[in-house]
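Report on one structure; see the data block that follows.
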Amino acid sequence: MLPHYMQCLLSVLKFFSTIDSSGRLQQPIRYRETNNAAEEKGFHERRGPLNFFLELCPKPYFIDNGATRTDICQGELGDCWLLAAIASLTLDDEILARVVPPGQDFDQDYAGIFHFQFWQFGDWIDVVIDDRLPTRDGKLLFVHSSEGAEFWSALLEKAYAKLNGCYEALSGGTTTEGFEDFTGGISEGYELNKAPPHLFKIIKKALGLGSLLGCSIDITSAYETEAVTALKLVKGHAYSLTGAEEVHYQGSTVELVRLRNPWGEVEWTGPWSDSSEEWNRILPEEKAKLANAAEDGEFWMAYSDFIKQFSTLEICNLTPDTLTSDEVAYWSYYQFNGQWRVGSTAGGCRNHPATFCSNPQYAIKLEHLDDDPLDGKHGCTLLVGLMQKDGRKDRRFGEDLNTIGFAIYKVWHLLYQAVAMSRTFINTREICDRFHLPPGEYVIIPSTFQPHKRGSFLLRVFTEKEANARVQYYGKVRYGVWTANCKYVLLKKKKKKTMWLRLSLMEFHVLWLKIQKYLKIFENVDLDNSGTMSTHEMRGALAQAGFQVNDAVLQVVVSRYASPDFSINFDNYVSCLIRLEMLYSESSTQTPRGFFQCSPSILNAFMNNVLFYLVLGRNVQHSEKQ
Numbered sequence: 001m002l003p004h005y006m007q008c009l010l011s012v013l014k015f016f017s018t019i020d021s022s023g024r025l026q027q028p029i030r031y032r033e034t035n036n037a038a039e040e041k042g043f044h045e046r047r048g049p050l051n052f053f054l055e056l057c058p059k060p061y062f063i064d065n066g067a068t069r070t071d072i073c074q075g076e077l078g079d080c081w082l083l084a085a086i087a088s089l090t091l092d093d094e095i096l097a098r099v100v101p102p103g104q105d106f107d108q109d110y111a112g113i114f115h116f117q118f119w120q121f122g123d124w125i126d127v128v129i130d131d132r133l134p135t136r137d138g139k140l141l142f143v144h145s146s147e148g149a150e151f152w153s154a155l156l157e158k159a160y161a162k163l164n165g166c167y168e169a170l171s172g173g174t175t176t177e178g179f180e181d182f183t184g185g186i187s188e189g190y191e192l193n194k195a196p197p198h199l200f201k202i203i204k205k206a207l208g209l210g211s212l213l214g215c216s217i218d219i220t221s222a223y224e225t226e227a228v229t230a231l232k233l234v235k236g237h238a239y240s241l242t243g244a245e246e247v248h249y250q251g252s253t254v255e256l257v258r259l260r261n262p263w264g265e266v267e268w269t270g271p272w273s274d275s276s277e278e279w280n281r282i283l284p285e286e287k288a289k290l291a292n293a294a295e296d297g298e299f300w301m302a303y304s305d306f307i308k309q310f311s312t313l314e315i316c317n318l319t320p321d322t323l324t325s326d327e328v329a330y331w332s333y334y335q336f337n338g339q340w341r342v343g344s345t346a347g348g349c350r351n352h353p354a355t356f357c358s359n360p361q362y363a364i365k366l367e368h369l370d371d372d373p374l375d376g377k378h379g380c381t382l383l384v385g386l387m388q389k390d391g392r393k394d395r396r397f398g399e400d401l402n403t404i405g406f407a408i409y410k411v412w413h414l415l416y417q418a419v420a421m422s423r424t425f426i427n428t429r430e431i432c433d434r435f436h437l438p439p440g441e442y443v444i445i446p447s448t449f450q451p452h453k454r455g456s457f458l459l460r461v462f463t464e465k466e467a468n469a470r471v472q473y474y475g476k477v478r479y480g481v482w483t484a485n486c487k488y489v490l491l492k493k494k495k496k497k498t499m500w501l502r503l504s505l506m507e508f509h510v511l512w513l514k515i516q517k518y519l520k521i522f523e524n525v526d527l528d529n530s531g532t533m534s535t536h537e538m539r540g541a542l543a544q545a546g547f548q549v550n551d552a553v554l555q556v557v558v559s560r561y562a563s564p565d566f567s568i569n570f571d572n573y574v575s576c577l578i579r580l581e582m583l584y585s586e587s588s589t590q591t592p593r594g595f596f597q598c599s600p601s602i603l604n605a606f607m608n609n610v611l612f613y614l615v616l617g618r619n620v621q622h623s624e625k626q
């Protein structure tokens with residue numbers, strides 16, 4: 001299958017090949033996907049055929065008079081969470097234009113090709129689709145506009161389905177997932193039965209800063225899914241929160257929030273609903289500004305009723321490069337890609353002390369206090385989000401999301417209790433929490449709940465003031481190997497292969513001393529006298545020998561030298577150290593105390609060209625056979 005950008009390029013080339021000298025199309029052409037998102041096995045039997053929407057509507061529009069929330073009405077697919085996010089997207093033209101590039105329409109040069117952009121784990125991905133949409137009895141099966149003539153929302157849904165593998169992969173989700181994939185932002189959630197005292201102000205400020213907000217009502221059983229309450233609210237259903245205002249009512253100020261049901265109908269019938277008496281008792285100008293009597297799924301309700309009726313609120317904070325407002329210029333943003341790899345960096349949570357420290361670690365230094373702390377206490381705001389990758393795609397193949405979380409430790413106090421933790425370990429795509437910490441140096445340790453669980457993740461950190469964040473390598477090396485004045489024949493490349501096994505007496509003496517030193521290190525690590533060490537202990541054993549390695553190098557070391565039960569014997573440990581020194585001596589520098597510091601070039605060689613296998617494995621084995 002060709003990458004998305006290649007499909008787009010070929011379509012463009014094909015399009016231009018059909019233009020004559022006058023600039024007109026020689027013959028009408030259309031882009032066709034070879035792997036349509038709706039063509040998974042059995043789709044047509046379960047849902048319906050694919051049709052061109054030009055056949056459904058005599059005069060279609062991509063966007064007619066601007067994209068609005070009424071263009072988004074849910075169909076048969078259970079993706080209300082996605083549609084709630086799309087509805088919020090229409091509130092900001094700049095953000096919408098990034099996801100839905102402008103200039104796409106049905107003019108005379110129409111070629112049946114559309115493209116959209118989505119954020120995926122730190123990168124923006126361009127997705128190209130054709131103009132076929134699932135239908136039944138001449139009507140769209142899934143999302144559609146209220147008038148039936150606008151198709152941008154249906155095409156956006158199809159592109160997102162293609163990104164995730166198929167339409168049915170979109171069934172079930174949280175609004176935050178859609179928020180983040182449309183903006184690259186980082187989301188935080190609030191339980192409304194435990195709402196902080198200034199939540200309404202937080203909502204107003206978030207809307208003013210372009211943040212996207214969603215809410216829902218929890219269910220107690222599957223039978224309550226999309227059940228409609230007596231006041232016409234839908235349980236287990238995602239709503240968009242699109243506005244927050246204050247009005248003067250009977251001598252007092254009332255806080256109101258505006259919500260939208262992606263169905264495009266079924267609205268709140270309580271106080272401040274479209275036809276309620278409250279609207280007749282406020283100032284006419286306020287009523288003209290806020291009143292909405294259309295049956296379009298959008299309605300107002302009192303904030304006090306909102307926190308009683310709804311269960312959760314989700315706010316997607318946009319990254320600094322997405323927002324243009326000067327009010328958020330003080331936010332700083334950092335992100336790190338990492339892996340939990342079985343046998344090396346999949347250590348599990350703190351309940352597993354033997355392996356916990358082998359998890360990836362990320363250091364951050366907080367130096368500057370917040371300007372206007374929300375709770376009145378001086379400190380540094382820290383927003384941490386841990387996201388695991390490709391969970392929705394892998395779900396099609398029976399893969400479940402890992403149960404993930406993180407802990408934050410103060411540097412020099414890693415043996416004590418964490419100063420902050422994620423609110424829970426949970427099997428969702430992302431877990432995010434806000435913290436208020438005193439200035440200092442901290443280490444963030446993301447992990448799965450159980451050890452030996454593989455997965456890839458993205459760690460993102462927001463700070464109100466500029467901070468210093470980096471990957472933290474395991475531990476500190478207290479003792480190194482002094483090699484400045486020694487000649488290691490085995491650690492240098494020889495021009496003549498016959499010299500590999502010829503050692504002078506001095507060279508042998510040096511080698512013997514090194515092996516004795518390695519034996520002491522190995523015995524210190526092998527506490528149970530089993531003759532092996534765990535792969536999770538390998539990083540510490542390498543550090544004692546003078547090697548500071550990052551996660552990528554450690555993962556290759558484990559792959560090369562560990563046995564199937566993730567143990568390493570003494571022979572493999574010595575072999576690894578000798579070959580590491582040989583490679584490092586050619587492309588690294590040493591500190592004054594003799595520690596090896598790996599250069600970027602050697603790290604690239606390890607991972608990108610798999611030189612650890614080719615140079616350290618095959619070449620050495622070949623030379624040993626000489």
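With full-length UniProt numbering, you'll find the sequence shown wraps up at 626, consecutive numbering, no jumps. Heads up, the beta-carbon is just placed ideally off N, CA and C, and yes, glycines get one too.
Taking K308 as the reference, which of L382, V247, A195 and R258 has the closest Cα? Working through the sequence shown from its first residue, we reach residue 308 at position 308. Of L382, V247, A195 and R258, the residue nearest in Cα terms is A195.
Ignore the nearest five residues each way along the sequence and tell me which others in H452's own chain have a CB closer than 7 Å to its CB. Mapped onto the sequence shown, residue 452 falls at position 452. Short of 7 Å from the beta carbon of H452, and not among the five residues preceding or following it, lie these beta carbons of its own chain, in chain order: V342 and A346.
Beta carbon of C215, beta carbon of F310: below 7 Å? One-based indexing of the sequence shown puts residue 215 at position 215. One-based indexing of the sequence shown puts residue 310 at position 310. Taking a C-beta distance under 7 Å as the contact criterion, C215 and F310 qualify as a contact pair.
Assuming Q117 and D126 form a contact by the criterion Cβ under 8 Å, report the distance between their Cβ atoms to the nearest whole angstrom. Here residue 117 is taken as the residue at index 117 of the sequence shown, counted from 1. Here residue 126 is taken as the residue at index 126 of the sequence shown, counted from 1. Between Q117 and D126, the beta carbon gap of about 5 Å places them in contact (Cβ cut-off 8 Å).
Start and end residues, alpha helix (DSSP H) containing T175: Position 175 of the sequence shown, counting from 1, holds the residue named residue 175. That run of the alpha helix (DSSP H) goes T175 to T183.
Inter-residue CB distance, L256 and A302 (contact presumed, cutoff 8 Å): To locate residue 256, count along the sequence shown from 1; it is residue 256. To locate residue 302, count along the sequence shown from 1; it is residue 302. With 8 Å as the limit, L256 and A302 qualify as a contact, their Cβ atoms being about 6 Å apart.
From N65 to D71, what distance separates their C-alpha atoms? As a working note, residue 65 is residue 65 in the sequence shown. As a working note, residue 71 is residue 71 in the sequence shown. Cα-Cα distance, rounded: 11 Å.
What separation, rounded to the nearest whole angstrom, lies between the Cα atoms of E150 and D105? On the sequence shown, position 150 is the one that residue 150 refers to. On the sequence shown, position 105 is the one that residue 105 refers to. If you take the alpha carbons of E150 and D105, they lie about 11 Å apart.
Three-way DSSP call (helix, strand, coil) for K476 in this model: Here residue 476 is taken as the residue at index 476 of the sequence shown, counted from 1. Caution applies to K476, whose pLDDT of 37 falls short of 50 and renders its modelled position unreliable; the model cannot decide the point.
Exposure of D526, with buried meaning 16 or more beta-carbon neighbours within 10 Å: Walking along the sequence shown from the start, residue 526 turns up at place 526. D526 is classed as buried because its beta carbon has at least 16 other beta carbons within 10 Å across all chains shown.
Between the C-alpha atoms of L401 and C80, what's the straight-line distance to the nearest angstrom? Residue 401 sits at position 401 when you count from the first residue of the sequence shown. Residue 80 sits at position 80 when you count from the first residue of the sequence shown. Computed Cα separation, rounded: 21 Å.
What three-state label does DSSP hand F449 in the structure shown? Numbered from its first residue, the sequence shown carries residue 449 at position 449. Look at F449 here: in three-state DSSP terms it is coil, with no helix or strand label.
Grouping DSSP H, G and I as helix and E and B as strand, with all else coil, what is L490? Reading the sequence shown from its first residue, position 490 is the one you call residue 490. Residue placement at L490 cannot be trusted, given a pLDDT of 42 that sits under 50; what the coordinates show is reported in the next sentence. L490 falls in the helix class under three-state DSSP.
For S332 versus T463, is the C-beta spacing smaller than 7 Å? Counted from its first residue, the sequence shown places residue 332 at position 332. Counted from its first residue, the sequence shown places residue 463 at position 463. It is a contact, given that the beta carbons lie within the stated cut-off.
For Q74 and W263, what's the separation of their Cα atoms in angstroms? Translated into the one-based positions of the sequence shown, residue 74 becomes position 74. Translated into the one-based positions of the sequence shown, residue 263 becomes position 263. Taking the straight line from one Cα to the other gives about 5 Å.
Sort N427, V443 and H436 by Cα distance to F449 and report the nearest one. Here residue 449 is taken as the residue at index 449 of the sequence shown, counted from 1. Of the residues N427, V443 and H436, the one whose Cα lies closest to the Cα of F449 is N427.
State yes or no: is the C-beta of Y573 within less than 7 Å of the C-beta of V471? For the purposes of this step, residue 573 is taken as residue 573 along the sequence shown, with counting starting at 1. For the purposes of this step, residue 471 is taken as residue 471 along the sequence shown, with counting starting at 1. Against a cut-off of 7 Å, the Cβ pair of V471 and Y573 comes out as no contact.
Counting Cβ pairs, one atom from each stretch, are 3 or more of them under 8 Å apart for the region 554 to 561 and the region 514 to 525? The answer is no - the region 514 to 525 does not touch the region 554 to 561, with fewer than three Cβ pairs under 8 Å.
Is the region 566 to 581 in contact with the region 536 to 551, if contact means three or more CB pairs nearer than 8 Å? Verdict: yes, contact present.
For K410 and A354, the rounded distance between their alpha carbons: As a position in the sequence shown, residue 354 is number 354, starting the count at 1. As a position in the sequence shown, residue 410 is number 410, starting the count at 1. Distance between the alpha carbons of A354 and K410: 20 Å.
Looking at the secondary structure, which residues open and close the alpha helix (DSSP H) in which P353 lies? Working through the sequence shown from its first residue, we reach residue 353 at position 353. Looking at the DSSP string, the run of the alpha helix (DSSP H) that includes P353 is P353 to F356.
Between E430 and the rest of its own chain, which residues show a CB-CB distance below 6 Å, the 5 nearest in sequence each way excluded? Numbered from 1 along the sequence shown, position 430 holds the residue referred to as residue 430. Excluding sequence neighbours, E430 sits near G385 and M387.
Based on DSSP bridge pairs, tell me the residues matched to N569. Here residue 569 refers to the residue found at position 569 when the sequence shown is read from its first residue. Paired residues: T532.
Let me make sure I understand the geometry here. Which of G391, P439 and K201 has the alpha-carbon closest to that of L163? Taking the first residue of the sequence shown as position 1, residue 163 is located at position 163. Among G391, P439 and K201, the Cα nearest to that of L163 is on G391.
For W124 and D181, what's the separation of their Cα atoms in angstroms? Mapped onto the sequence shown, residue 124 falls at position 124. Mapped onto the sequence shown, residue 181 falls at position 181. One C-alpha to the other measures close to 9 Å.
Just checking my contact of L192 with T312 at CB under 8 Å: how many whole Å lie between their CB atoms? Counting from 1 along the sequence shown, the entry for residue 192 is found at position 192. Counting from 1 along the sequence shown, the entry for residue 312 is found at position 312. Separation of the CB atoms of L192 and T312 is rounded to 7 Å, and the pair is thereby assigned contact status at 8 Å.
What did DSSP end up calling Y223 once you bin it into helix, strand or coil? As a first step, residue 223 must be located in the sequence shown, where it is residue number 223. In the three-state reduction of the DSSP assignment, Y223 falls in the helix class.
Count the other CB atoms within 10 Å of the CB of F406; is the residue buried (16 or more) or exposed (fewer)? Sequence index remark: in the sequence shown, residue 406 carries index 406 (1-based). The residue is buried, with at least 16 neighbouring Cβ atoms inside 10 Å.
Nearest neighbour of A87, chosen from E226, E168, S153 and H237 [CA to CA]: Taking the sequence shown and counting its residues from 1, one reaches residue 87 at position 87. The candidate whose alpha carbon is nearest that of A87 is S153.
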